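Same order as they appear, the protein sequences are chains A and B. The first sequence runs 1 to 102 under our numbering. The second sequence runs 1001 to 1102 under our numbering. A virtual CB, placed ideally from N, CA and C, is assigned to each residue, including glycine. Just so you know, these numbers come straight off a predicted model, no measurement behind them. In what follows, a structure is listed as structure tokens, so that the remarks can point back to it.
Number of protein chains: 2
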Amino acid sequence: MDAKAKLEALDSVCSAIAHPARRQILLTVHMRGSMTAGDIAGRFAHAWPTTSRHLRVLEHAGLLVQHREGRQRVYEVDHARLGVLGEWIAWFSRDPPPTGVE
Amino acid sequence: MDAKAKLEALDSVCSAIAHPARRQILLTVHMRGSMTAGDIAGRFAHAWPTTSRHLRVLEHAGLLVQHREGRQRVYEVDHARLGVLGEWIAWFSRDPPPTGVE
DNA sequence: GCATTGATTAGCCAAAATGCTAAATGAAGC
DNA sequence: GCTTCATTTAGCATTTTGGCTAATCAATGC
């Protein structure tokens, strides 16, 4: 993954987790290993199409992967993508500022 | 910090870092240790008031702290707040799903 | 093939975010 | 006290996001 791709990935990940419902979806799917779209929609207050859109945002961000299984759609967390965010946070641990670059 | 406060903190942090300009501000201020509002505004493409608002968002999220110094305003990164995000991410490393909770 | 079930897409409206310019604030200097 | 410099606040237009309902698609069962 080149630098530009990584920046785009970071951007979509940060946008994706900006919404509390999407963070909750991510955590719920992670805890249960995998869930169908219906299971997920059933657990959240929003209308089904609303949740469906949240799922698409998470999928486009690469945080969820999905495959058909009969007529259901099964979602799982792709842990790799969270790594991009972890790397970004790590910048703030590395490079301790020399107390006066001025 | 109780659970509710932590959730609110996470929410404001995630919202704050959702915008690329704010991530860049945060990283830039971190690298240089501390910067005045003018320094920051000077380095970014946006109009000064726009950057000023981004600074306020970051400050309200607790990611930046700020104090007056003469007629300038000096900003620094508050690293503690990023910890909240780190803790959230850590949830996805803990609790490996037992491959079939169904 | 036709109905049913699981899920998405289309389209709409309201609310929030983001950018700008112009005006206001606050500290310093004369 | 008036000016100047550093910055913020106010107010507005535009874009994006997030919610809904209604319509559609896709797989299964009869």
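Since residue i sits in a beta bridge, which residues does DSSP pair it with?
i: B:Glu-1059; result: In DSSP, B:Glu-1059 forms no bridge with anything.
i: A:Val-77; result: A:Leu-64
i: B:Gln-1072; result: B:Glu-1069
Specify the secondary structure class of residue i as computed by DSSP and reduced to three states.
i: A:Met-35; result: strand
i: B:Glu-1102; result: Reliability of the predicted coordinates at B:Glu-1102 is poor, the pLDDT of 42 falling under 50, and no value is obtained from them.
i: B:Arg-1094; result: coil
i: B:His-1054; result: helix
i: A:Asp-11; result: helix
i: A:Ile-17; result: coil
i: A:His-30; result: helix
My assumption, with CB atoms under 8 angstroms, is that residue i sits in contact with residue j. Please give the rounded CB distance.
i: B:Val-1013; j: B:Ala-1061; result: 5 angstroms
i: B:Leu-1082; j: A:Ile-89; result: 6 angstroms
Spell out whether any CB of chain A is found under 7 angstroms from the CB atom of residue i.
i: B:Asp-1039; result: no
i: B:Pro-1020; result: yes
i: B:His-1054; result: no
Against chain B, does residue i count as a neighbour if the rule is that its beta carbon must be under 7 angstroms from one of theirs?
i: A:Val-101; result: Low local confidence applies: a pLDDT of 46 at A:Val-101 is under 50, so the model's placement there is unreliable, and no value is given.
i: A:Ser-15; result: yes
i: A:Gly-86; result: yes
Cβ contact (3+ pairs, closer than 8 angstroms) linking the stretch 10 to 26 of chain A and the stretch 45 to 59 of chain A: yes
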